[in-house]
Structures are given as structure tokens and as C-alpha cells.
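In what follows, a single structure is set out as C-alpha cells and then discussed.
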Amino acid sequence: MEESILLEILKEMQKKYQCMAEIERITREVGEFLSRNDQTSVQMLLGMRQDEMDKADVIDRNIKCLISVMSTEEALKVEKWIRGQDNCETDGQISEKVNEKGKSIKQILKRTIEIDKYISTRLAGTHSFYK
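Numbering (numbering that gives the first Met the number 0), first residue to last: 0 to 130.
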């Protein structure tokens, strides 16, 4: 497997991790401002969160572009590493780091969804997206 491509994927994943951490932070702040009933700040934060989500989408497209030059077999392996799947076989140090970063992104996404679920359920009740 081409290590230079894998290294570029790892760099993109680090950028995505930073975006996801920012999305989690902003989501927490949304909850705080909602509890204070500060709608102006909530709207501003939701806009900021959307900007970070858009950045994460661009990063995902960049990663898919990098994967597209690989063989089908290599691409399938890399996609498993990116998703942070447990018990998947890695090919070396860089692939191990890609898998670890995938697991970190998966964890931060899980925490963010839990926060968002709480906020949504609290605001919308039975009309929540999560119900």
C-alpha cells in the first residue's frame, strides 16, 4: 500500500478530529445557552456548528478522493480503519494510527450525538428528531 497516500489520509483525519472536537464543544455550549434561554447566542452557535460540519464534509470528500486511487482491496481495508472498526488487521504504524484516529472520531461523534439527543428531546419532546 502506498504510504504517502495513507499519510495524507491520516493528515485529513486529524483535521476531521479537530472539526469534530469543535462540533462537540459548540454543541455543549448550545445546551448551556438554551438552559439560559439565550436564543441569540444559540442561533449564532448553530451557525458556527454548521460551518464546522461543512468543513468535516469537505474533509470526508478529500479522504474519499485519496481512497479512490487505491485498489478495491486496499480501499476496503482503509475504509475499515477510517471507521475505527475493532479487530481489523492493520499493515503497519501508519495504518494503526489511521485506525486509532478513526476510533477517536467515532467516540467524539458518539458523545456529540448523546448531547444533541438530550438537547433535542428537552426542546421538542415527542417531536424530537430522535423520537
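For each residue, glycine too, the CB sits at the ideal point set by N, CA and C. Here the structure is a predicted model, which is why all the values come from computation and not from measurement.
PHE212 (DSSP reduced to helix, strand or coil): Any answer about residue 212 is impossible in this case: the structure gives the chain only from 0 up to 130.
Inter-residue Cα distance where the pair is SER119 and SER103: The residue given as residue 119 occupies position 120 in the sequence shown. The residue given as residue 103 occupies position 104 in the sequence shown. Whole-angstrom Cα-Cα distance: 24 Å.
Residues near GLU95 by beta carbon distance below 8 Å, same chain, minus five either side: Residue mapping note: residue 95 aligns to position 96 of the sequence shown, counting from 1. If we look at GLU95 and ignore the five residues flanking it on each side, its Cβ neighbours are THR89.
Best match in LEU6, LYS116 and ILE22 for proximity to LYS54 [C-alpha to C-alpha]: As a first step, residue 54 must be located in the sequence shown, where it is residue number 55. Considering only alpha carbons, the answer is ILE22.
CYS18: first and last residue of the uninterrupted alpha helix (DSSP H) it sits in: By one-based count along the sequence shown, residue 18 stands at place 19. Membership of CYS18 in the alpha helix (DSSP H) is indicated by the continuous run 2-34.
CB-CB length for LYS100 against TYR16, believed under 8 Å: Taking the first residue of the sequence shown as 1, we reach residue 100 at position 101. Taking the first residue of the sequence shown as 1, we reach residue 16 at position 17. Sure, about 6 Å apart at Cβ, within 8 Å.
CB of ILE114 within 8 Å of CB of GLY30, strictly: Looking up residue 114 in the sequence shown gives position 115. Looking up residue 30 in the sequence shown gives position 31. Against a cut-off of 8 Å, the Cβ pair of GLY30 and ILE114 comes out as a contact.
With 16 other Cβ atoms within 10 Å as the buried cut-off, status of ASN98: Counted from its first residue, the sequence shown places residue 98 at position 99. The residue is buried, with at least 16 neighbouring Cβ atoms inside 10 Å.
Exposure label - THR39; buried when at least 16 CB within 10 Å: Position 40 of the sequence shown, counted from the first residue, corresponds to residue 39. Its Cβ having fewer than 16 others within 10 Å, THR39 is exposed.
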